[in-house]
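Each residue of the sequence shown is one higher than the one before, starting from 341 at the first, in the numbering used here.
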Amino acid sequence: MIETLRKSTRKTGIIRIAVAAVVIIVCLIVTKFGIVDLIVGPAEIDITRDPAQYEGKWATIQVQNLLTDYVEHYTTTEYRSGGSSTSTDGNSYIAFYADDNYETMTSTWYYFSLYLPSRDQEKAYGMIDDTWAYWEDYTGTVPAPEPMEITGTWEKLEGSLLDYYIDTLEDDLGVAEDEDDIFVCYTLNTDSLGGVQFSTFVLVMLVALVALVFIVIEIVKIFSNGCAKSIDKFIQKHSGLSVNQIESDFAAAHKIGKEKVWIGKKWTIYVTGTKVHIFSNKDAVWAYYYRRTGRNSVSQMRVFVIGEKAHLIPLSETLTQEALGYYQTEQPHMVLGYTAELEKLYNKNFQEFLNLKYNPVKQQHTQDPFNSVYNS
């Protein structure tokens, strides 16, 4: 019996583990395995080298000079009432790195873009002021801006963002691209990791973490002795009962479906997921098929047992009818089938409900002690 139950729960556990593993893989694919970049750490960008080698990577750069912001990023929320609200997410900025050659007394400026969230706007504007003050100073008394380390995903500028970037450099700042002024058409996006927004990345990784924890729990269940514990707990609650008696009843039980429900003469054992349930048939007073359609659809056999919560056993209507047939033949004290009147009687006048079948059969047993229903 225990091995049969373990096999059933193990099969469910393995399926659950496989589904959770698929969820983790999908999460990793959606985020382009960005968690690996986060664990390994960001690559350090050398802006004087080919920028394409860092494309899509989680990277960091020391921003030494910040010229201006050139695009404001915002989110507009539309409401059902017809109104809307707009919130600023952050800004794209133009920075540059001055590569000085002291032998030739020349300097090559590499311009690039970066995105900072709105919470860093004040800090960015302060650096812009410091940058202009430093480069417009001819007295040598103004200190260089304090470098700012920025970490994010190195992305290629495309579409309108690229157009604004070029237009700002050429039209607003009067910079013409040549060998001394190089336009690096990439941006360091601090709100992106693994090809998605950082907030989305965190959410997806939380899903993956929950799936991982779920896998660990299922593995523990598979290799634990949970089946035996459920039976042992039931035996402890019923003095004089032994596992041999349950095993004997289980061996002759009616198997409903694919090793999920066993209806014996004295006990019903069923499996939901990786959990084993058992109840005494002599204490069961009512059973019927229940179905709910729609989004949260349900198909189950409901069995009501004295002193316990209702047992909700996942079964199709056909299998439920098969199970109810066995109860009808072997458990004459049970009310089978559903009507609104039965439900009302069960909830409002339980003793009257017991008088329908349970009490008469129990009384008959008193007169006939060889009745097998109550010999457990």
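C-beta: ideal position from N, C-alpha, C; glycine also.
> At which residues does the alpha helix (DSSP H) containing ILE401 begin and terminate?
Replying inline: The sequence position of residue 401 within the sequence shown is 61, counting from 1. No alpha helix (DSSP H) contains ILE401, which is instead part of the beta strand (DSSP E) from 398-403.
> Alpha carbon to alpha carbon, what distance is there between GLY534 and ASP601?
Replying inline: Position 261 of the sequence shown holds residue 601. Position 194 of the sequence shown holds residue 534. The identity of residue 601 in the sequence shown is Val, whereas the question assumes Asp. The alpha-carbon atoms of VAL601 and GLY534 are separated by roughly 46 Å.
> Just curious, the beta strand (DSSP E) that MET488 is in, first and last residue?
Replying inline: Here the question's residue 488 lines up with position 148 in the sequence shown. It spans 488-496 - the beta strand (DSSP E) in which MET488 sits, taken as one unbroken run.
> So what's THR320 in DSSP terms, helix, strand or just coil?
Replying inline: Given a span of 341 to 716 for the chain in the structure shown, any question on residue 320 remains unanswerable.
> Measuring CA to CA, which of TYR505, VAL611, LEU696, ALA650 is closest to ILE434?
Replying inline: Your numbering for residue 434 matches position 94 in the sequence shown. Minimum Cα distance to ILE434 is reached at TYR505.
>> Just verifying my parser: in three-state terms, what is the DSSP assignment at LYS605?
In response: Residue 605 sits at position 265 when you count from the first residue of the sequence shown. LYS605 falls in the coil class under three-state DSSP.
>> Quick check on DSSP: helix, strand or coil for ASN715?
In response: Your numbering for residue 715 matches position 375 in the sequence shown. For ASN715, the predicted structure reports a pLDDT of 48, less than 50, and the residue's modelled location is therefore unreliable. A value from the coordinates is still provided. Coil, per DSSP.
> Assuming LEU727 and VAL643 make a contact with CB atoms under 8 Å, what is their CB distance in whole Å?
Replying inline: Nothing about residue 727 can be read from this structure; the chain reaches only from 341 to 716.
> Taking Cβ to Cβ, would you say LEU655 is nearer than 8 Å to ILE596?
Replying inline: Taking the first residue of the sequence shown as position 1, residue 655 is located at position 315. Taking the first residue of the sequence shown as position 1, residue 596 is located at position 256. For LEU655 and ILE596, yes; Cβs fall inside 8 Å.
>> Give me the residue from LYS397, ASP439, PHE563, LEU652 with the minimum Cα distance to ARG632.
In response: Taking the first residue of the sequence shown as 1, we reach residue 632 at position 292. Measuring from the Cα of ARG632, the nearest candidate turns out to be LEU652.
> Who pairs with LEU652 in a beta bridge, going by DSSP?
Replying inline: On the sequence shown, position 312 is the one that residue 652 refers to. According to DSSP, which records beta bridges pairwise, LEU652 is partnered with ARG642.
>> Threshold first: 4 residues or longer. Then list the alpha helix (DSSP H) segments lying entirely within the region 424-491, N to C.
In response: 461-475
> Can you check whether the CB of GLY430 is closer than 8 Å to the CB of HIS413?
Replying inline: For the purposes of this step, residue 413 is taken as residue 73 along the sequence shown, with counting starting at 1. For the purposes of this step, residue 430 is taken as residue 90 along the sequence shown, with counting starting at 1. Cβ atoms of HIS413 and GLY430: closer than 8 Å.
> Near ALA399, what residues of its chain come up, given a Cβ to Cβ distance below 8 Å and the 5 sequence neighbours on each side ignored?
Replying inline: Here the question's residue 399 lines up with position 59 in the sequence shown. Answer for ALA399: PRO382, ALA383, GLU384, ILE385, THR491, GLY492, THR493, TRP494, LEU528, listed in chain order.
> Beta carbon of LEU501, beta carbon of VAL411: below 8 Å?
Replying inline: In the sequence shown, counting from the first residue as 1, residue 501 sits at position 161. In the sequence shown, counting from the first residue as 1, residue 411 sits at position 71. Taking 8 Å as the Cβ cut-off, LEU501 and VAL411 qualify as a contacting pair.
>> How far does the alpha helix (DSSP H) with SER500 in it extend, from its first residue to its last?
In response: Numbered from 1 along the sequence shown, position 160 holds the residue referred to as residue 500. Its alpha helix (DSSP H) spans residues 499-507.
>> For GLN404 and PHE554, what's the separation of their Cα atoms in angstroms?
In response: Position 64 of the sequence shown, counted from the start, is the residue given in the question as residue 404. Position 214 of the sequence shown, counted from the start, is the residue given in the question as residue 554. If you take the alpha carbons of GLN404 and PHE554, they lie about 46 Å apart.
> With DSSP run on the structure shown, which of helix, strand or coil describes GLU519?
Replying inline: For the purposes of this step, residue 519 is identified with residue 179 of the sequence shown, where counting begins at 1. Reduced to three states, the DSSP call for GLU519 is coil.
>> Applying the 10 Å Cβ sphere with the 16-neighbour rule, what's the burial state of LEU407?
In response: By one-based count along the sequence shown, residue 407 stands at place 67. With 16 or more other Cβ atoms within 10 Å, it is buried.
> Applying the criterion that 16 or more other CB atoms from any shown protein chain within 10 Å of the CB defines a buried residue, is ASN715 buried or exposed?
Replying inline: Walking along the sequence shown from the start, residue 715 turns up at place 375. Because the pLDDT at ASN715 is just 48, under 50, the model does not fix this residue reliably, and the point stays unresolved.
> At what residue ranges does the region 580-632 contain a whole run of the alpha helix (DSSP H), taking only runs of 4 or more?
Replying inline: 583-591
> ARG389: which of PHE523, LYS351, ALA516 sits nearest, CA to CA?
Replying inline: On the sequence shown, residue 389 is found 49 positions in, with the first residue counted as 1. When each option's Cα is compared against that of ARG389, the closest is PHE523.
> On the three-state DSSP scale, how would you describe TYR698?
Replying inline: Position 358 of the sequence shown, counted from the start, is the residue given in the question as residue 698. Three-state DSSP puts TYR698 in a helix.
> Near ASP521, which residues of its chain fall below 6 Å by C-beta distance, leaving aside the five closest residues on each side in sequence?
Replying inline: For this step, residue 521 is matched to residue 181 along the sequence shown. For ASP521, where only same-chain residues beyond five positions count, the Cβ hits under 6 Å are TRP449, VAL515.
>> Taking the alpha helix (DSSP H) that PHE373 belongs to, which residues open and close that run?
In response: Looking up residue 373 in the sequence shown gives position 33. No alpha helix (DSSP H) contains PHE373, which DSSP labels as neither H nor E.
> Under the three-state reduction of DSSP, which class applies to THR417: helix, strand or coil?
Replying inline: Counting from 1 along the sequence shown, the entry for residue 417 is found at position 77. Looking at THR417 - three-state DSSP - the assignment turns out to be strand.
> In chain order, what residues of the same chain lie with their CB nearer than 6 Å to the CB of ALA392, ignoring the 5 residues before and after it?
Replying inline: Within the sequence shown, residue 392 is the residue found at index 52, counting from 1. Taken in chain order, the list of residues that qualify is empty.
> Since ASP439 and SER447 are thought to touch, with beta carbons under 8 Å apart, how far apart are those beta carbons, to the nearest angstrom?
Replying inline: Here residue 439 refers to the residue found at position 99 of the sequence shown. Here residue 447 refers to the residue found at position 107 of the sequence shown. Rounded, the Cβ-Cβ distance is 7 Å, consistent with contact.
> Which residues mark the beginning and the end of the alpha helix (DSSP H) in which THR540 is found?
Replying inline: Against the sequence shown, residue 540 aligns to sequence position 200. Run containing THR540: 538-563, per the alpha helix (DSSP H) assignment.
>> Using CA atoms only, rank isn't needed, just tell me which of SER421, GLU486, GLU670 is closest to TYR465.
In response: Taking the sequence shown and counting its residues from 1, the one referred to as residue 465 is at position 125. Nearest C-alpha to TYR465: GLU486.
>> Check for me: the alpha helix (DSSP H) holding LEU664 runs from which residue to which?
In response: As a first step, residue 664 must be located in the sequence shown, where it is residue number 324. Looking at the DSSP string, the run of the alpha helix (DSSP H) that includes LEU664 is 657-670.
> How many angstroms separate the CA atom of THR371 from the CA atom of SER424?
Replying inline: Taking the first residue of the sequence shown as 1, we reach residue 371 at position 31. Taking the first residue of the sequence shown as 1, we reach residue 424 at position 84. Distance between the alpha carbons of THR371 and SER424 is about 30 Å.
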